[in-house]
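2 protein chains.
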Amino acid sequence: MNILLAKSAGFCFGVKRATNMAFEATKHYRGMYSLGPIIHSPQLVKKLEEEGVKVMQRVEDIPAGAAVIVRSHGARAEELERIRARNLTVVDATCPFVKKAQDHAAKLSLEGYVLVVVGEEEHPEVQGIISYARQGAVFVVADRAQAEAIPPKGKIAIVAQTTQSFENLSQVVEVCLGKSQETRVFNTICDATSVRQDEARRLAEQSDLVLVIGGLNSANTTRLAQICQEIQRRTYHVETGGQIQPEWFQGVETVGVTAGASTPRWIIDEVISSVKRLEK
Amino acid sequence: MNILLAKSAGFCFGVKRATNMAFEATKHYRGMYSLGPIIHSPQLVKKLEEEGVKVMQRVEDIPAGAAVIVRSHGARAEELERIRARNLTVVDATCPFVKKAQDHAAKLSLEGYVLVVVGEEEHPEVQGIISYARQGAVFVVADRAQAEAIPPKGKIAIVAQTTQSFENLSQVVEVCLGKSQETRVFNTICDATSVRQDEARRLAEQSDLVLVIGGLNSANTTRLAQICQEIQRRTYHVETGGQIQPEWFQGVETVGVTAGASTPRWIIDEVISSVKRLEK
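Residue numbers (our numbering), protein chains in the order written: chain A, 9 to 288; chain B, 9 to 288.
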């Protein structure tokens, strides 16, 4: 079997940076905590736990004097304030692209814009972004239909969750254009997502079977699997090499492999080894 | 025959205002000039000429001490400066909606945006708007295809010629969104145009023949006639009642009448009288 590994498979810039910061920090601090899982990879979170990084959901549960890692999706403004109020040491691993969206939200809300965030309301990244808009109305819209429910406003500013599709942002912008005198858009989409998706499409076209590797709780990995599935029905979303079934590979000559933004390299390697072992 | 007259037929707010200002001014000033035709209606321009308002194309040709009317489409910033330098009296009949687009252009160019104007490059309104952008690059784009030729930029600001269609603006915005970090749009479209076009469509559906009245040099009247023609093939674009041909009306029961934004009411009345006279 030939194995085609997507160039864009695995960690994006922000995840790589957060992971490196976390491992680096374990060398300097004892008793470390992360506020929520640092990235959406159960395997990596477990590895960090072995290095002494405990995941906490609430600032109040973190012991005094400890160091806290802010995860790649960022934290809510109130959480950061509570962290500062408690004099905890902060290792801020917020993805710089997410940070930019947070900064825009803060500034635009001060400038009197109604803020529209294109994204998933419950996602920690979106929860973080909207927490920085301290004044005026804020709307989180998942798509064009939800944007249509926004009441007409004078000045609307729009930012996007970094993993949104350009098409979705564009459709929301169109709706807002018709509702306001001024529509100000910061395109905060990180193109790592679209680059990865485009490559996955090409990969699926060239393969008899596609393996998409990543946390089952990772939205971007699940979406990647959907995209491949539409082109190549023999697409499997796996978290580890142990989930691979030999019978999937009957008659397969070319295996395409890609992985979500939060999938560590060692897991990709492990899955590829499992595939190679099938031939022996 | 029934005659259905569109409610929105004729002068829009800006044209009505400019015309009133011009006639009012003739009571106060002798030796008046307008810089270009005040509106796109040869008949109204002729009437104003009879009241002593001469049309001039260049500021330099206007005699010292005279009063100058700035037409509804506005003037270029340099022209206004030359008018001021020559101490001419200014009657500024620029449509307030056009003025707003000019003001946005001036401010956005100072703030470092690349300015994109959606409109017809040669139109005096567009020529006026872009003259206010004193710094940085300016692009006039008629449609999506022209917008695609804009090189990628950090900050793009977009305004529209007031008579553009929302759909066209929206398509240009979509293209710019993909080219820039920030896209700031001022929706300077005046909805009088779309209201008039929507009503014309309904009118054409209800009529056996449509008369669209207005200057043959008026872009908005020509567009109105095209829209009606697509629905009712028996559509005629006329400037005056004298152009009406009795044979057009064979078998016609309902006549729809609409008119462009620069068509004076007395011309509409004159055309309707001509139609009624056919029945006698």
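Ideal placement from N, C-alpha and C gives every residue a C-beta, glycine not left out.
Just so it is clear, the structure is predicted and the values come from calculations on it, not from any experiment.
Rounded C-alpha distance that separates Phe174(A) from Ser281(A): Residue mapping note: residue 174(A) aligns to position 166 of the first sequence, counting from 1. Residue mapping note: residue 281(A) aligns to position 273 of the first sequence, counting from 1. Answer to the nearest angstrom: the Cα atoms are 35 angstroms apart.
Reduced DSSP category for Arg209(A) - H, G, I as helix; E, B as strand; rest coil: Stepping through the first sequence from its first residue, residue 209(A) is reached at position 201. The answer is helix: DSSP assigns Arg209(A) an H, G or I state.
Below-8 angstroms beta-carbon distance, Leu185(B) vs any chain A residue: Position 177 of the second sequence, counted from the first residue, corresponds to residue 185(B). Contact of Leu185(B) with chain A is assigned, a C-beta pair being separated by under 8 angstroms.
At least 3 beta-carbon pairs within less than 8 angstroms: the segment 114-128 of chain A vs the segment 87-95 of chain A: no
Same chain only: Cβ atoms within 8 angstroms of Glu207(B), ignoring 5 sequence neighbours per side: Residue 207(B) sits at position 199 when you count from the first residue of the second sequence. So the qualifying residues of the chain are Ala14, Lys15, Ser16, Thr266.
Buried or exposed by the 16-neighbour rule on C-beta atoms within 10 Å, applied to Gln240(A): As a working note, residue 240(A) is residue 232 in the first sequence. It counts as buried.
Min CB distance Val279(A) to chain B below 8 angstroms: On the first sequence, residue 279(A) is found 271 positions in, with the first residue counted as 1. By this cut-off, Val279(A) is not an interface position.
Residue(s) in a DSSP beta bridge with Ala75(B): Position 67 of the second sequence, counted from the start, is the residue given in the question as residue 75(B). DSSP lists Met40(B), Thr97(B) as partners of Ala75(B).
Selected residue, minimal CA-CA separation from Val149(B), among Val23(B), Gln135(B), Ala101(B): Translated into positions along the second sequence, residue 149(B) becomes position 141. Comparing Cα positions, the closest option is Gln135(B).
Member of Pro71(A), Ala227(A), Val98(A) whose CA lies at the smallest distance from the CA of Gly82(A): What you label residue 82(A) is simply residue 74 of the first sequence in a count that begins at 1. Comparing Cα positions, the closest option is Val98(A).
Leu224(B) - containing beta strand (DSSP E), residue span: In the second sequence, the residue the question calls residue 224(B) occupies position 216. Neither: Leu224(B) is in no beta strand (DSSP E) and is coded neither H nor E.
Three-state secondary structure assigned by DSSP to Gly264(B): The residue labelled residue 264(B) in the question sits at position 256 within the second sequence. Three-state DSSP puts Gly264(B) in a strand.
Inter-stretch contact at 8 angstroms, needing at least 3 Cβ pairs: the segment 198-207 of chain A / the segment 202-218 of chain B: no
Reference Ile77(B), options Gly250(B), Phe257(B), Thr102(B), closest by Cα: Sequence index remark: in the second sequence, residue 77(B) carries index 69 (1-based). The candidate whose alpha carbon is nearest that of Ile77(B) is Thr102(B).
Minimum Cβ-Cβ distance from Arg192(A) to chain B less than 8 angstroms: By one-based count along the first sequence, residue 192(A) stands at place 184. For Arg192(A), the answer is yes, since a Cβ of chain B falls inside 8 angstroms of its Cβ.
Under 9 angstroms by beta carbon: chain A residues contacting Val181(B): Within the second sequence, the letter at position 173 stands for residue 181(B). Listed along the chain, the chain A residues whose CB falls inside 9 angstroms of the CB of Val181(B) are Ser178, Val181, Glu182, Leu185, Thr191, Val193.
Contacts of Ser188(B) in chain A (Cβ-Cβ under 8 angstroms): For the purposes of this step, residue 188(B) is taken as residue 180 along the second sequence, with counting starting at 1. Here the neighbours are Asn195.
Contact set for Glu261(A): own chain, Cβ-Cβ below 8 angstroms, skip 5 residues either direction: Residue mapping note: residue 261(A) aligns to position 253 of the first sequence, counting from 1. These residues qualify, in order along the chain: Met9, Asn10, Asp216.
Residue burial classification, Asn95(B) (beta-carbon count within 10 angstroms, cutoff 16): Indexing the second sequence from 1 puts residue 95(B) at position 87. Exposed: under 16 other Cβ atoms inside 10 Å.
Sub-8 angstroms separation of Phe105(A) and Gly222(A) beta-carbons: Numbered from 1 along the first sequence, position 97 holds the residue referred to as residue 105(A). Numbered from 1 along the first sequence, position 214 holds the residue referred to as residue 222(A). Against a cut-off of 8 angstroms, the Cβ pair of Gly222(A) and Phe105(A) comes out as no contact.
Within 8 angstroms, strictly: CB atoms of Val180(B) and Arg152(B): Position 172 of the second sequence, counting from 1, holds the residue named residue 180(B). Position 144 of the second sequence, counting from 1, holds the residue named residue 152(B). Contact flag set, yes.
Cβ of Phe174(B) within 8 angstroms of any chain A Cβ: Stepping through the second sequence from its first residue, residue 174(B) is reached at position 166. Yes, because at least one Cβ of chain A sits closer than 8 angstroms to the Cβ of Phe174(B).
Candidates Ala74(B), Glu57(B), Glu68(B): closest to Tyr37(B) by CA position: Translated into positions along the second sequence, residue 37(B) becomes position 29. Among Ala74(B), Glu57(B), Glu68(B), the Cα nearest to that of Tyr37(B) belongs to Ala74(B).
Cβ-Cβ distance between Thr271(B) and Gly18(B) below 8 angstroms: Residue 271(B) sits at position 263 when you count from the first residue of the second sequence. Residue 18(B) sits at position 10 when you count from the first residue of the second sequence. Cβ distance < 8 angstroms, so Thr271(B) and Gly18(B) count as in contact.
Same chain only: Cβ atoms within 8 angstroms of Asn225(B), ignoring 5 sequence neighbours per side: Translated into positions along the second sequence, residue 225(B) becomes position 217. Only His48, Pro50 meet the Cβ criterion.
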